[in-house]
Amino acid sequence: MAWDDIPDWSLEVAEQLLAEVKEKDPFTFFHCCRVGRRSRKLAKALGLNEFEQSVIEYAGLFHDIGKAKIPTEILTKPGRLDSNEIEIIKTHPELSADMIKHLAHVPFFRFMLPGVRYHHEKIEGTGYPNALSGDSIPLFARVIAVVDSFDAMTHARPYRNPLPEEKAIKELKDFSGRQFDAKLVNYFLELIPHLKKEDEKDQHQEEVVVSHLIKKAA
Ligand SMILES: [Fe+2]
């Protein structure tokens, strides 16, 4: 097997891991699917090759699967979390990485780990789990961070309404270079109008979302 082979059982692994999340918290499941798909598009816009795009797509799909291991009453709490609950939520990137670590002997899965583990790091060094800063945050994680935050802001949660797209765009710009990689924000802002069109095309397909999304982008 070449180092850049994508095992034909990868999709099966994704479906199994995401099924667990879907049962526990459907919002997180659909969020993971969108982040996977859109991270691939951002990777493509950056000029990354097909294999790298697939690694990023899967890392996006898996970035929050560790939330399946967080107690439901915390994960779906319809109000503000207390500081202890926030600390528990903050363990999810490492929990997500732990859920795919046993596959790390396969390069395709090994390359996903940094994207999954470090998707909540911030450029200025105030993120978690390791408070990495700048370019010491792996590129794949910086890609997922932008796509993840935009998706989270533009979708409703039990405790808040979604932000209008213009406001979410303003947040990305305001935190560009502080929370987010400025270059990636610029690429993503250019992508946003296209993402919307594709979402309209995809909107009736959420139930078959995993196989649909993982299919290589045309
Ligand atoms: Fe996350």
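Just so you know, the working numbering puts the end of the sequence shown at 280, numbered straight through with nothing missing. Glycine included, every Cβ here is placed at the ideal spot set by N, Cα and C.
Within the DSSP bridge table, the entry for S238 names F242 as partners. Of all alpha-carbon atoms in F202, D87, R240, M161, the one lying nearest the alpha-carbon of G98 is that of F202.
In the DSSP assignment, R179 falls within the unbroken alpha helix (DSSP H) covering 169-179. In the three-state reduction of the DSSP assignment, R219 falls in the strand class. DSSP places H164 in the coil class of the three-state scheme, outside both helix and strand. Contact annotation: P88 and G128 have beta-carbon atoms that are not nearer than 9 Å.
Beyond the five residues adjoining it in sequence on each side, H181 comes within less than 7 Å, by CB distance, of H125, P155, A203, I206, A207, D210 in the same chain, given in chain order.
CA-CA distance, N111 to D144, rounds to 42 Å. When Q115, K235, W71, H167 are compared, the shortest CA-CA separation from E252 is found for K235. Here DSSP, grouped into helix, strand and coil, assigns L110 to coil. Exclusion of D213 from the 8 Å shell around ligand 1 follows from its C-beta lying no nearer than that to any non-hydrogen atom of the ligand.
Taken through DSSP and simplified to helix, strand or coil, T188 comes out as coil. Taking 8 Å as the cut-off, one finds at least one heavy atom of ligand 1 near enough to the beta carbon of D210.
With a cutoff of 8 Å, D197 does not count as near ligand 1, since its C-beta is closer than that to no heavy atom of the ligand. The Cβ-Cβ distance between L108 and L246 falls below 9 Å.
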